[in-house]
Amino acid sequence: MSTEIKAYGARDKTADLEPMTIKRREVGPKDVKIEITYCGVCHSDIHQVRNDWKNSVYPVVPGHEIIGHVVAVGKDVKKFKEGQLVGVGCMVDSCRECSACKDDLEQYCENGMVPTYNGKDKHLGGHTFGGYSEMVVVDQDFVLTIPDNLDQKAVAPLLCAGITTFSPLNHWGVKEGDKVGIIGLGGLGHMGIKFANAMGAHVVMITTSPDKAKDAKRLGAHEVLISKDEEAMKEHTGSFDFLLNTVPVGHDINPYINLLKRDATMVLVGAIEPLDAVHGGGLVMGRKRVAGSLIGGIAETQEMLDFCGEHNIVSDVEIINMDNINEAYDRVTSSDVKYRFVIDMNSLKN
Ligand SMILES: [Zn+2]
Ligand SMILES: [Zn+2]
Numbered sequence: 001m002s003t004e005i006k007a008y009g010a011r012d013k014t015a016d017l018e019p020m021t022i023k024r025r026e027v028g029p030k031d032v033k034i035e036i037t038y039c040g041v042c043h044s045d046i047h048q049v050r051n052d053w054k055n056s057v058y059p060v061v062p063g064h065e066i067i068g069h070v071v072a073v074g075k076d077v078k079k080f081k082e083g084q085l086v087g088v089g090c091m092v093d094s095c096r097e098c099s100a101c102k103d104d105l106e107q108y109c110e111n112g113m114v115p116t117y118n119g120k121d122k123h124l125g126g127h128t129f130g131g132y133s134e135m136v137v138v139d140q141d142f143v144l145t146i147p148d149n150l151d152q153k154a155v156a157p158l159l160c161a162g163i164t165t166f167s168p169l170n171h172w173g174v175k176e177g178d179k180v181g182i183i184g185l186g187g188l189g190h191m192g193i194k195f196a197n198a199m200g201a202h203v204v205m206i207t208t209s210p211d212k213a214k215d216a217k218r219l220g221a222h223e224v225l226i227s228k229d230e231e232a233m234k235e236h237t238g239s240f241d242f243l244l245n246t247v248p249v250g251h252d253i254n255p256y257i258n259l260l261k262r263d264a265t266m267v268l269v270g271a272i273e274p275l276d277a278v279h280g281g282g283l284v285m286g287r288k289r290v291a292g293s294l295i296g297g298i299a300e301t302q303e304m305l306d307f308c309g310e311h312n313i314v315s316d317v318e319i320i321n322m323d324n325i326n327e328a329y330d331r332v333t334s335s336d337v338k339y340r341f342v343i344d345m346n347s348l349k350n
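Just so we're aligned: the sequence shown equals residues 1 to 350 in my numbering.
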């Protein structure tokens, strides 16, 4: 049993996104049915639509920064009720039995978590469809509660860009007084600045473009370091407690390793592709570490949302209608967005 609903997706890797009809399963005992109000536009959406990671299944209906209202719940659902504002992020299921799932790290599920779109649909067969659609049916364990003091349209990007940057800052224990560098100012970087600032760190925006300095300070950076300025880079050598690297493409990370203090860590969250060769000396001298991090588990995502409620943190967003999506993709690709597009899903209904 399933329901046909309106969605927006791509039929192949060269096609524009266009209206289409998809199926959603009926509400099972543990399911929550959500009418989608807003959906963020993540860089991964574009990678998947264009098959950059060579694993796309068409049609692709992207969207994993979903905000909406509960319109129905299954009989075993206790946590959610009709009318409640909720969110869904990058995953909608996992095995729940492996060591990662037992540690609340479903994103690293050893049997493979189920991505919100382009994942294997256990219920209807075929693959999952994301938030560029009217509604979605999701297991209650993968539904998040949204603090009601936050502007819902600006909350959407927290479900991916937010947790992607919060999780490493949280996991590596960034605290008051730490000197933290955020590398790259885009959808991820702008959230990194806000979180590190709220955690009490001394935040340094590290960017190639001097014209981003003013905005970085408005977002909460205390200093701006231009990575092309060799003198300035030298002055900051060996001084950072933590670096969050949000650059979305392969690049040379050696200059950043030099910025780390002894025993300090740089965490990569943006580039899921080869990097330039790393010089072992940079790591050996000072016992430095380079690590990676993928989104966050469901429990930590809720912790992040609650932190945002407490500190009044949301994304800086630009609202678009569904039929502006192809133009928005071009603008994301050329870094022309401050700092996240969010689709008003009401525009899909008309
Ligand atoms: Zn994303
Ligand atoms: Zn698992």
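C-beta: ideal position from N, C-alpha, C; glycine also.
Proximity test, residue i beta-carbon vs ligand 1 heavy atom, cut-off 7 angstroms
i, result
"His-171", "no"
"Cys-95", "no"
Whole-Å CB distance - residue i paired with residue j, under 8 angstroms assumed
i, j, result
"Glu-106", "Gly-297", "5 angstroms"
"Met-345", "Cys-101", "No, Met-345 and Cys-101 are not in contact; Cβ-Cβ is about 30 angstroms, not under 8 angstroms."
"Leu-244", "Leu-169", "7 angstroms"
"Arg-25", "Ser-2", "5 angstroms"
"Ile-46", "Val-332", "6 angstroms"
"Ala-299", "Asp-104", "4 angstroms"
"Val-203", "Asp-241", "Incorrect: roughly 11 angstroms between the Cβ atoms, too far for contact."
"Glu-176", "Gly-192", "Contact doesn't hold; Cβ gap of about 17 angstroms is too wide."
"Pro-248", "Gly-186", "7 angstroms"
Residue i beta carbon near ligand 2 (any heavy atom closer than 7 angstroms)
i, result
"Asn-51", "no"
"Glu-110", "yes"
"Cys-353", "Past the edges of the chain, shown from 1 to 350, lies residue 353, and the structure says nothing about it."
"Cys-39", "no"
"Ala-299", "no"
"Cys-101", "yes"
"Cys-98", "yes"
Assigned exposure category for residue i - 16 Cβ within 10 Å defines buried
i, result
"Ala-277", "exposed"
"Val-81", "According to the sequence shown, residue 81 is Lys rather than Val. With fewer than 16 other Cβ atoms within 10 Å, it is exposed."
"Ser-239", "exposed"
"Ala-291", "exposed"
"Pro-210", "exposed"
"Met-285", "exposed"
"Asn-118", "buried"
"Ser-227", "buried"
Note to self: Any residue with its Cβ nearer than 5 angstroms to a heavy atom of ligand 1 should be included. What is that list in chain order?
What the structure shows: Cys-42, Ser-44 and Cys-160
Notebook entry, point to check: In chain order, which continuous runs of the alpha helix (DSSP H) of length 4 or greater are located wholly inside the stretch 162-239?
Noted result: 187-198, 213-219 and 230-235
Checklist line | Every unbroken beta strand (DSSP E) inside the stretch 25-77 [3 residues or more] | finding: 31-40 and 66-73
Note to self: Just to confirm the assignment: which complete alpha helix (DSSP H) runs, minimum length 4, are found wholly within the stretch 94-127?
What the structure shows: 99-102
Margin query: To test your reading of the DSSP string, which unbroken alpha helix (DSSP H) runs of 4 or more residues are found completely within the stretch 245-321?
Written below: 254-257, 280-284 and 298-311
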